[in-house]
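For the sequence shown, this note's numbering assigns the number 83 to the initial residue and increments by one for each residue that follows.
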Amino acid sequence: MIEERGIKLDIKPDAKRKARVFYNVDSIIARDIAEAAFAVFAKKQYNVADAMAGSAIRTMRYARHCNANFFINDNNPKAIEVIKQNLIINNLNLDNFTITKSDVREFFAKNRVAFDFVDLDCFGSAMPFIDILSFALRRNSYVSLIVTDVAALCGNSPKACRRKYFAKPLYNSFKFETGLRILLASLCYDFARNEFAFFPMLSYYYKHFYHVIAKLKKSRRLADEQIRKIKFLNFCKNCLTREYSTMPKEFCVCGEKLQHAYPVWTENFFDKGFVSKVYSKALELKFSEAAALLSLISEENINIPFYTTSEFAKKLKKEMPKVDELIKKLQKKGFRAVRTHFSKEGFRTDAKPEEIATFF
Ligand SMILES: C[S@@+](CC[C@H](N)C(=O)[O-])C[C@H]1O[C@@H](n2cnc3c(N)ncnc32)[C@H](O)[C@@H]1O
Ligand SMILES: [Zn+2]
Numbered sequence: 083m084i085e086e087r088g089i090k091l092d093i094k095p096d097a098k099r100k101a102r103v104f105y106n107v108d109s110i111i112a113r114d115i116a117e118a119a120f121a122v123f124a125k126k127q128y129n130v131a132d133a134m135a136g137s138a139i140r141t142m143r144y145a146r147h148c149n150a151n152f153f154i155n156d157n158n159p160k161a162i163e164v165i166k167q168n169l170i171i172n173n174l175n176l177d178n179f180t181i182t183k184s185d186v187r188e189f190f191a192k193n194r195v196a197f198d199f200v201d202l203d204c205f206g207s208a209m210p211f212i213d214i215l216s217f218a219l220r221r222n223s224y225v226s227l228i229v230t231d232v233a234a235l236c237g238n239s240p241k242a243c244r245r246k247y248f249a250k251p252l253y254n255s256f257k258f259e260t261g262l263r264i265l266l267a268s269l270c271y272d273f274a275r276n277e278f279a280f281f282p283m284l285s286y287y288y289k290h291f292y293h294v295i296a297k298l299k300k301s302r303r304l305a306d307e308q309i310r311k312i313k314f315l316n317f318c319k320n321c322l323t324r325e326y327s328t329m330p331k332e333f334c335v336c337g338e339k340l341q342h343a344y345p346v347w348t349e350n351f352f353d354k355g356f357v358s359k360v361y362s363k364a365l366e367l368k369f370s371e372a373a374a375l376l377s378l379i380s381e382e383n384i385n386i387p388f389y390t391t392s393e394f395a396k397k398l399k400k401e402m403p404k405v406d407e408l409i410k411k412l413q414k415k416g417f418r419a420v421r422t423h424f425s426k427e428g429f430r431t432d433a434k435p436e437e438i439a440t441f442f
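As structure tokens, then:
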């Protein structure tokens with residue numbers, strides 16, 4: 083028996099010493115953030131789907147904030163046994179939960195209610211499920227998506243990125259940010275195809291996954307507006323310029339041939355007001371690591387991808403300054419400058435690379 087944030091889980095290994103259902107300690111932070119977010123937006127009578135539920139830890143965490151209608155699904159028969167057992171040992175009434183053993187696509191296609199909130203915690207990519215997920219959503223709804231195909235998104239495997247996301251990644255110092263922006267662009271397109279406008283409310287990268295909490299609104303006009311936020315990202319490996327453009331540029335002003343990522347989301351990957359509410363809720367719930375991450379994210383509304391102290395130190399053959407000191411110096415000169423959750427040696431600023439270089 084293990085316990086997560088006061089919830090008991092019966093996920094002991096079976097006779098072959100294999101865990102009967104999936105459970106990952108490294109994802110506790112994502113569940114903390116999803117629970118705090120749910121506590122912010124959930125309303126009574128919400129229809130909530132935990133579509134790839136595993137142990138149903140997420141449903142049980144959500145259920146303590148809102149008396150919603152919970153639909154729990156997993157395609158693994160062992161998970162279904164464990165889910166029922168977990169609800170019982172946590173004194174929850176089985177009659178209040180609808181539990182199904184289906185492939186997630188069948189679950190979305192056959193459901194008889196429209197969901198206000200869907201939690202989709204994928205092994206790998208979420209993209210094969212977005213069309214059918216759209217079919218199961220209410221006109222105004224929320225989704226929480228976890229994807230673990232970080233290698234495809236951040237340029238370790240460009241062929242996989244093209245195949246799954248129709249996208250070209252960049253493998254460099256800010257590859258994890260490009261990966262998130264490709265994921266957001268791809269989600270925006272797929273939801274738009276189903277006439278949903280996609281609004282990323284809170285998204286981030288952590289260790290082995292990306293987590294996106296988004297609001298969806300059924301509207302062709304708004305979907306078209308959101309698509310306009312998708313562009314090319316140009317990167318110059320000589321002068322370290324990063325910039326967005328509606329058409330790809332071949333050469334940098336410094337004369338170097340530019341590298342590109344496409345398509346990428348070019349605006350905020352979060353909504354500041356929403357993140358600050360989730361941050362307060364995370365503090366209230368004593369989710370300290372989640373609160374620290376949310377506090378970093380809430381400042382990241384400079385959309386040019388982050389720089390790292392090491393790329394400038396290497397280029398200029400100078401010592402690497404401490405990130406906080408560099409940020410203070412940039413701010414003192416009137417530039418906007420903040421840390422980033424993507425990297426300990428990263429910083430975001432509206433200063434141009436040649437201006438940043440003067441602080442080394
Ligand atoms: C990453 S685990 C979910 C873990 C759980 N949400 C948590 O937070 O601990 C993914 C789950 O989805 C289930 N699964 C994988 N592919 C599926 C599919 N096509 N349809 C339905 N369930 C699926 C697996 O059995 C597994 O329990
Ligand atoms: Zn250049």
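Heads up, the beta-carbon is just placed ideally off N, CA and C, and yes, glycines get one too. For clarity, every value in this text was computed on a predicted model and none was experimentally measured.
{"Asked": "Excluding sequence positions up to five away, which residues of its chain have a Cβ less than 8 Å from the Cβ of residue 191?", "Found": "214, 217 and 218"}
{"Asked": "For residue 228, which option in 252, 266, 423 and 198 has the closest C-alpha, if you only look at C-alpha atoms?", "Found": "266"}
{"Asked": "Less than 8 Å between the CB atoms is what I'm expecting for residue 154 and residue 165, so what's the real figure, rounded?", "Found": "6 Å"}
{"Asked": "Compute the distance between the beta-carbons of residue 115 and residue 372, then report whether it is under 8 Å.", "Found": "yes"}
{"Asked": "Kindly indicate which residue of 382, 208 and 404 has the alpha-carbon position closest to the one of residue 349.", "Found": "382"}
{"Asked": "Between which two residues does the beta strand (DSSP E) containing residue 317 stretch?", "Found": "312 to 317"}
{"Asked": "With a Cβ-Cβ cutoff of 8 Å, do residue 250 and residue 207 count as a contact?", "Found": "no"}
{"Asked": "My parser needs the beta strand (DSSP E) runs of 3 or more residues fully inside the region 300 to 364; what are they?", "Found": "312 to 317, 324 to 327 and 341 to 347"}
{"Asked": "Pull up the CB-CB distance for residue 220 and residue 197, whole angstroms please, since I reckon it's below 8 Å.", "Found": "6 Å"}
{"Asked": "What residues in its chain sit with their C-beta under 8 Å from that of residue 365, if we drop five residues either side in the sequence?", "Found": "373"}
{"Asked": "Please state if the CB of residue 119 and the CB of residue 223 are separated by a distance shorter than 8 Å.", "Found": "no"}
{"Asked": "Hey, which residues come within less than 6 Å of ligand 1, measuring from Cβ to any heavy atom, in chain order?", "Found": "103, 104, 105, 109, 113, 134, 135, 136, 137, 139, 140, 156, 157, 158, 161, 185, 186, 203 and 205"}
{"Asked": "Name the DSSP beta bridge partners of residue 151, please?", "Found": "129"}
{"Asked": "Given residue 361, which residues of its chain have a CB within under 7 Å of its CB, disregarding the five upstream and five downstream residues?", "Found": "373, 376, 377 and 380"}
{"Asked": "By how many angstroms is the C-alpha of residue 104 removed from the C-alpha of residue 280?", "Found": "29 Å"}
{"Asked": "Since residue 442 and residue 411 are thought to touch, with beta carbons under 8 Å apart, how far apart are those beta carbons, to the nearest angstrom?", "Found": "Contact doesn't hold; Cβ gap of about 10 Å is too wide."}
{"Asked": "Do residue 254 and ligand 2 come close, with the Cβ less than 7 Å from some heavy atom?", "Found": "no"}
{"Asked": "Once you ignore the five residues that flank residue 408 on each side, which residues in its own chain have a CB closer than 7 Å to its CB?", "Found": "391, 429 and 441"}
{"Asked": "If you follow the alpha helix (DSSP H) that residue 189 is part of, which residue opens it and which one closes it?", "Found": "186 to 192"}
{"Asked": "Please list, in chain order, all residues with a C-beta atom less than 6 Å from at least one heavy atom of ligand 2.", "Found": "318, 320, 321, 323, 334, 336 and 338"}
{"Asked": "Rounded to whole angstroms, what's the CA-CA distance from residue 242 to residue 316? Just pull it up for me.", "Found": "21 Å"}
{"Asked": "Out of curiosity, what's the CA-to-CA distance linking residue 256 and residue 387?", "Found": "7 Å"}
{"Asked": "In three-state terms, what does DSSP make of residue 138?", "Found": "coil"}
{"Asked": "Once the 5 residues before and after residue 341 are set aside, which same chain residues still bring their CB inside 7 Å of it?", "Found": "252, 317 and 319"}
{"Asked": "By Cβ distance below 7 Å, which residues in the same chain neighbour residue 331 in space, the five residues on each side in sequence not counted?", "Found": "316 and 340"}
{"Asked": "Look up residue 200 in the DSSP assignment and give the residues it is bridged to.", "Found": "131 and 225"}
{"Asked": "Using three-state DSSP, classify residue 377 as helix, strand or coil.", "Found": "helix"}
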